[in-house]
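Residue numbers (my numbering): 39 to 302. Every residue gets a Cβ at the ideal spot worked out from N, C-alpha and C, and that includes glycine.
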């Protein structure tokens with residue numbers, strides 16, 4: 039496996055994402071952090087863990103008339119882990135957000151590599167080997183610099199996408215504000231769901247049941263994790279469906295309205 043060729047670019051974009059938000063580690067709690075973290079009884083060790091399944095994001099029972107009805111137990115579970123490790127020290131909570139953003143950026147870059155054509159080599163055991171990398175495999179030197187990998191024609195698109203994702207100011211509130219972790223984590227599981235769904239559609243006609251079933255199970259688990267992190271992640275189901283219909287099957291509007299896809 040070529041570490042630089044396979045994972046160099048995702049590591050670079052993740053590093054940039056970390057560097058850009060490292061200054062948030064010295065920040066404190068702000069705005070909604072008070073209710074979601076400092077005053078949330080679900081973070082306390084003496085609160086039964088099962089309460090996370092019945093309470094909203096702010097620690098209020100969903101059946102209560104004053105409940106916000108925002109159901110995000112997986113995100114609250116990460117806050118509870120932060121509390122277990124460092125109490126109410128905001129440094130650990132901000133570090134968690136920065137790490138989540140870095141990982142999300144790396145996954146986004148890998149997805150961009152897959153969709154835009156540079157791919158990840160089959161030797162990694164997870165992602166596909168593209169025709170470009172396969173053709174050039176015998177012509178390239180064994181040891182290549184990370185810079186030379188990034189400026190390859192097939193890497194320019196994924197590199198631009200990954201770097202823009204890492205640095206785009208639209209992420210600032212979600213990463214710098216601790217309660218924004220719900221958005222960052224939901225995005226992470228959203229991207230992983232879509233990534234594994236793209237792997238599933240590539241393998242669903244395989245003669246080996248394991249190659250079909252395992253990606254499908256992973257997709258279901260990741261989609262559930264996304265929705266348990268923040269409600270709007272349910273849209274990943276629509277994204278996967280649109281990808282399958284319009285990209286994989288290349289369906290036309292006529293195909294869709296005639297339900298001809300059901301016969302394929």
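Per-residue burial, residue i [other beta carbons within 10 Å of its own, 16 or more giving buried]
| i | result |
| --- | --- |
| residue 80 | buried |
| residue 103 | exposed |
| residue 161 | Residue placement at residue 161 is poorly supported in this model, since its pLDDT is 37, which falls under 50; the coordinates still yield a value, given next. Exposed. |
| residue 226 | buried |
| residue 98 | buried |
| residue 268 | buried |
| residue 202 | exposed |
| residue 168 | Model confidence at residue 168 stands at a pLDDT of 43, short of 50, so the residue's coordinates are unreliable; what they give is reported in the following sentence. Residue 168 is buried by the Cβ-count criterion. |
| residue 57 | exposed |
| residue 123 | exposed |
Inter-residue CB distance, residue i and residue j (contact presumed, cutoff 8 Å)
| i | j | result |
| --- | --- | --- |
| residue 231 | residue 257 | 6 Å |
| residue 264 | residue 224 | 5 Å |
| residue 115 | residue 76 | Between residue 76 and residue 115 the Cβ distance is about 17 Å, and since that is not below 8 Å, they are no contact. |
| residue 229 | residue 142 | 7 Å |
Beta carbon proximity, residue i to chain D, threshold 8 Å
| i | result |
| --- | --- |
| residue 291 | As a matter of chain content, chain D is missing from the structure shown, which is built from one protein chain. |
Beta-carbon gap between residue i and residue j smaller than 8 Å
| i | j | result |
| --- | --- | --- |
| residue 49 | residue 144 | yes |
| residue 73 | residue 220 | no |
| residue 131 | residue 216 | yes |
| residue 214 | residue 69 | no |
| residue 147 | residue 47 | yes |
| residue 218 | residue 128 | no |
| residue 138 | residue 222 | yes |
| residue 55 | residue 140 | yes |
| residue 92 | residue 100 | yes |
| residue 237 | residue 149 | no |
| residue 196 | residue 154 | yes |
| residue 249 | residue 262 | no |
| residue 112 | residue 266 | yes |
| residue 27 | residue 62 | Any answer about residue 27 is impossible in this case: the structure gives the chain only from 39 up to 302. |
Residue interval of the alpha helix (DSSP H) (run including residue i)
| i | result |
| --- | --- |
| residue 96 | Element bounds for residue 96: n/a, residue is neither H nor E. |
| residue 258 | 247-267 |
| residue 121 | 111-124 |
| residue 88 | Where residue 88 is concerned, there is no enclosing alpha helix (DSSP H), given that its DSSP letter is neither H nor E. |
| residue 73 | Run containing residue 73: none; DSSP gives neither H nor E here. |
| residue 135 | 128-154 |
| residue 240 | 219-241 |
| residue 279 | 273-280 |
| residue 210 | 210-214 |
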